[in-house]
Amino acid sequence: MKTVLKLKWPITIGMIILTVALFLLAPNLTEQAEEAGSFQLSQDASSQMAATILADADAADQTISLVIPLEKELDEPMRETLAGMAKDIEALGEPVTSVLNPVESADLEEQLVSEDQKTILMPVTVDGTDEEVNAVADEIRDTIIPKDVTAYVTGEAIINNDVNISAQEGLKRTEIITVVLIFGLLLAVFRSIVTPFIPLVAVGISYLLSQSIVAYLIDWVGFPVSNYTQIFLVAILFGIGTDYCILLLSRYKEELSAGHGVEEAIVNTYKTAGRTLLISGIAVFIGFFAIGFADFPIFKSAVAVAVGIFVLLLVLFTVVPFFMALLKEKLFWPAKKSAGHKDSNLWIQMSKLSINRPLLSMLVVAVITVPLLFTYNNSLSFNTVDEIGSDYESVKGLRAIEDGFGKGDSLPIEVIVKSDETLTTESIVPYFEEVSREIEKIDGVEGVRSITRPTGEVIEDLYADKQLGLLSEGLTEAGSGLGEVQAGLTEIQTNLTGISEQTRGANGLGEAAAGLEQLNSQLGLVTQGLQQTGNVQQTVGALPQISGGLTEIQQGLAGAAGQTGELGAGLMQLSEGVGASNAGLVEIQNGLAEAAEMMQNMSDSKTVRDTGLFIPEGTLEGDEFAQVLDRYTFAEGTGMKMEVILSDDPYSPAAIDTTAKIKDAVERTVTATPLEETDIAYGGISSINNDLQDVSSNDFTNTVTIMLISLFVILAIMFRSLIMPLYMIGSLLLTYYTSISIAELIFVNGLGYDGISWAVPFFGFVMLVALGVDYSIFLLDRFREESANGVSVRDAMRTSMAKMGTVIITAAIILAGTFGAMMPSGVLSLVQIATIVITGLLLYGLIVLPLLIPAISVSFDRGVWWPFGNKKRS
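Numbered per our numbering, the sequence shown spans residues 79 to 952.
And the structure:
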């Protein structure tokens, strides 16, 4: 420290120059956070696999919805307005690829106009990045929507953009409120105009320098970043930096009050409070550094705070001594005394309970905290919309869709199937219907749209039983047709017999009549056989012979017509009648041949046995299927999309559970089918949230374990004890779970949210434990200092509580205040994190730390230093 004091001017000037230079030259951290996005899931996550599959196939189009709520039912003028809007949007060109006019056809109107005719959807497909999607949305708002029409533009990319905007606006409010709040609190604590500027300058340098370094690390080594990065840097550096400055300035004031010179007071301050500060800083650094072992980039992005802590310690050990040496006693002007170094009357009174009656003190803490723990349900919410509230247009649009069409229709789950081979074949498509059928059975699924049910309704004609029913009707008609042919031939035979008798069988008419009778008799037997047995193939086999005989008879009659005088005209009519009957017979024969072939194909088809569906050859190439294929296939038929509409809000916990069931059902259904070897992934907000739930849960457990083990090791080394770290960490765990229980009661039970925002437990735990451990270090390091002088454990703890109580309470209030500055941010997760940290810090500073920690410490007596013992420091 003496070297620092000798070089205080060049060190301080160098730090200021470095800070300004990096601030001016470094990349923009805000833009980096926006570019990183909201979720940043691993590429192994199902939702990201779906996005990758679509992107690789150049099919990653995004759909945004223009939502038009009407005061009255849809009328003709509005239909014209909608048609004009659709045409204008389509005219925008790239990146807009398609627009669905909701009133263009009856099918579209059924899908895109609500039942009450008061909510209209106009889907717009955009092939572009999130930035391009939002640019299109802005252009639609500014140039397309008529001024007399109420319309909202919404979609996943637009909602996420609004979340980013809300977070950045919240950050700006938080920064301003934090600075004003800290200045006011420091002014009240030190009753000095000068003193508050020292922490603000020190922390300001730390923040600006840290932000620049983190921005460079993001550019150079891919350092993790998110919307939380800057906000946590502000809250923690300003909060903990101010706490550390209070610790240093209070001890410095104490040393000056003891009559020491300025340099000696500074050196002593850094030997005592500086050591405590270093231990605390290292503990916090380790805590946030451990976050770097998380897999989830959002969680990992808080590791930037570790960089901030390192820079903060550097500034506190260089710039703060500069101001101490420069201002001397004037640092506290105009106050003669500072509240910062007064003994704490509150903690002195609490020490009488915790030190003299430790078991009762522990019981009091248990009575306050344990009942709250039993109310905790670990209810989590993944509702991004709650983050920004209902004032944003994207949220209004989403609510309008929910009101008009149902909650699940706004953001369906996409099942993405990709293969190396084409999937649009008659032998594979039926299996998509089987998957659709199994998904539809799941509770929480409203409907499925796929290649076999493009509007959500099943194409019944694809089912084999329906086709067999149609074939049966066809056979009945064929039988009736054969009967009609037979009746016609009977009539012809009667007439021919009469002519034959008149001509006495001349020109072979008698033989023709007999032949016709025989053929008609055979036809009767065939018809009877078809009706009785339904043997189409046997019928088809018999008809050509009858048809051939009729042809010979027709030719014979035509030849005889020219040789029989006035009877020739009659014979010619009979010949034409035989020909017409024969033509009808051939037509029936061809129909029955097609039916026989279809029945044989159905009999041979594996899809009929597996799925109950049969798609005749050529069906998928027909014009009727062209639009369906265009909507549900991609990558030249090697990819297939299915949309699952949920009955619950896509952001709700119920939707997440339903998504998991859908994944299980699909995996089970495709087993032992042609789809088993395909790549299957799931897109949509519910799938993303399902992945978030899995990743965040695993990361919370793993990272918290690493963090707690790291803290235990560093505390054991610093305090030379294996006992103290255990109850220090245990007290923080008790405080955290009590605080999050209170937060859950407020936000879930009180305000009616689905749960605590998914990222809040992780960040709340990290913040509270990493920051709360500071206060136990403040107390127990002073306790170590006092007990090393040979006094009893009880007296050492009593003195430590008196000396550190005001510092800790003041620090807790200031740190709580900096997190309180998040409250006006308008971002729900930040408000919840602030609630947990504020509740935890006040609970820890006013109850757990003064009542529980001393009680446990004195209960162990000298054993608290086991197994190393407490050695007197030089």
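For glycine and all other residues, C-beta sits at the position ideal for the given N, C-alpha and C.
C-beta atoms of residue i and residue j nearer than 8 Å
i, j, result
"G386", "S284", "yes"
"Y760", "S124", "yes"
"I466", "V241", "yes"
"I89", "V82", "yes"
"E512", "T689", "yes"
"P224", "M200", "no"
"A732", "G522", "yes"
"A164", "V145", "no"
"Y831", "A889", "no"
"L355", "Y322", "yes"
"L663", "L594", "no"
"V445", "L753", "no"
"V303", "Q427", "no"
"T108", "Q246", "yes"
"Q195", "L132", "no"
"A114", "Y294", "no"
"L431", "S290", "no"
Closest residue to residue i among the options (Cα-Cα distance)
i, options, result
"I314", "Q910, R862, L924, L846", "L846"
"F363", "L391, S730, L829, F377", "L391"
"K497", "P173, F841, V174, E755", "Checking the sequence, you will find Ser at residue 497 rather than Lys. Comparing Cα-Cα distances from S497 to each of P173, F841, V174, E755, the minimum goes to E755."
"G365", "G842, M900, R872", "G842"
"M718", "D166, L804, V493", "V493"
"E516", "Y348, M720, W425, G248", "M720"
"E504", "K519, I529, V915, E524", "I529"
"A372", "P490, P173, L409, S120", "S120"
"D757", "F452, A336, L501", "L501"
"G525", "V871, V722, N867, T749", "V722"
"I260", "I167, Q678, E247, G282", "G282"
"D205", "E172, A215, E188", "E172"
"V202", "I222, G552, I369, V618", "I222"
"S774", "G655, K378, S788, V909", "K378"
"S358", "T617, I855, V397", "I855"
Cβ-based burial, residue i [other Cβ within 10 Å; buried from 16]
i, result
"I271", "exposed"
"D487", "buried"
"P399", "buried"
"S865", "buried"
"A933", "buried"
"W87", "exposed"
"F367", "buried"
"P449", "exposed"
"E112", "buried"
"W298", "exposed"
"L724", "buried"
"G233", "buried"
"N434", "exposed"
"L437", "exposed"
"P412", "exposed"
"A229", "buried"
Sequence-distant residues of its chain with Cβ nearer than 6 Å to residue i (five each side left out)
i, result
"A417", "Any reading at A417 must be qualified, since the residue scores a pLDDT of 39, below 50, and its modelled position is unreliable; the value itself is stated next. The answer, listed in chain order, is V267."
"N239", "N212"
"P274", "F261, L264, L265"
"A135", "F712, A713, G717"
7 Å Cβ shell around residue i - same chain, five flanking residues per side excluded
i, result
"A343", "Y330, E333, L334"
"T50", "Residue 50 falls outside the range modelled here, since the chain spans only 79 to 952, and no answer is possible."
"T347", "L326, R329, Y330, E333"
"S42", "Nothing in the structure corresponds to residue 42, since the chain is present only between 79 and 952."
"T350", "R329, E863"
"Q126", "L119, S120"
"I763", "E234, L489, P728, Y729"
"S625", "N660, L663, V664, Q667"
Contacting residues, own chain, Cβ-Cβ under 8 Å from residue i (five flanking each side not counted)
i, result
"I916", "A894, F897, G898"
Decide if the segment 924-931 is in contact with the segment 300-310; the criterion is three or more beta carbon pairs, one per stretch, under 8 Å apart. no
Counting pairs of Cβ atoms below 8 Å between the segment 777-785 and the segment 732-745, do you hit three or more? no
Taking three-plus beta-carbon pairs below 8 Å as touching, is the segment 794-810 in contact with the segment 854-870? yes
Determine, using beta-carbon pairs with one atom in the segment 555-572 and one in the segment 536-543, whether at least three such pairs fall under 8 Å. no
Using a Cβ distance threshold of 8 Å, determine whether the segment 457-464 contacts the segment 764-775, with at least three qualifying pairs required. yes
Are the segment 473-483 and the segment 784-795 touching by the rule of at least three beta carbon pairs closer than 8 Å? no
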